[in-house]
Structures are given as C-alpha cells and as structure tokens.
Amino acid sequence: MNPPSPQPRRFPAVLRQRAASFGYAFRGVAAALRSEIHLQFHAVATVLVVGLGFYFHLSPTEWALVALAVGLVWGLELANTAVEAVVNLVSPEYHPLAGRAKDVAAGAVLIGAVAALIVGLLIFGPRVWALIY
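Those letters in the sequence shown? Residues 21 to 153, per my numbering, in order.
Okay, here's the thing in structure tokens:
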C-alpha cells in the first residue's frame, strides 16, 4: 500500500502570484514612464534630488522626508495617469464629469508636487543658498 501523498504546498504558488503582481506593477510604471511627459519630468527631478542628497550628505530624517515627498508625487502621478486612462475608456467624447475627474486627479498631483517642492526648499534651500553666498 502506498503512503498517502503529502498535501500540495500552496506557498510556492502564492509566491509566484506575488512575484507576478510586482511584475505587473513594474510594467505599469514603465508604461507610464514611456507615455507620460510629466512622469518623465518627475523622473529627472528624482535623479537630481537624489544626487543633491548625496552631495549634501542628508541626514536619515532628511532622506526620509525626501523619499516621502518623491513617493507622494510619483504615486499621485501614476494614479492620475490611471484615472485619465479609465476616463478616456469610459467616456471617449467630452463629458463634464469626465473633465472634472481628470481635473481633480491633476489637482491632486499639483498639491503633492507643491508639497514636495516645499520639502525640497526647506531641506536643500539653505544648503544651496550657502553655496551661492
């Protein structure tokens, strides 16, 4: 008589599913980077900010604030891109509510970008000012 076969483990399948979901997320970021000029601008700004952070030897707290600000802007920009895509799909012709949804999503990006700019000015402003004067 054969011993009962062990219960199949679901753990590897769960890991594969999680890995696949990360892959989809990275694919979404890459697609947005290829198609959205504003996200390309944020990518350049991110590289500059990280470079300045290394140059000015930011403290861990300053790095955390910069990372939160950058993450906020990227997250809002990606959400805005998703909103625009869905609105375009469900309302190809102009509709006032579709326009409002797009405007509000863009406004969220603007608010996040202004907040990130304020963080950047507070952290980098004095250092840049000291270099100039």
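Even for Gly, the Cβ is constructed at its ideal location relative to N, Cα and C.
In this chain, the alpha helix (DSSP H) harbouring residue 75 covers 57-75. Taking 4 residues as the minimum length, the region 81-116 contains no alpha helix (DSSP H) run wholly inside it. For residue 44, the three-state secondary structure derived from DSSP is helix. Non-local C-beta neighbours of residue 103 in its own chain, meaning closer than 7 Å and more than five positions away in sequence, comprise 121, 122, 125, ordered along the chain. Inter-residue distance for residue 34 and residue 53 is about 29 Å (C-alpha atoms, whole angstroms). By the Cβ neighbour-count rule, residue 149 is exposed, with fewer than 16 other Cβ atoms within 10 Å of its own.
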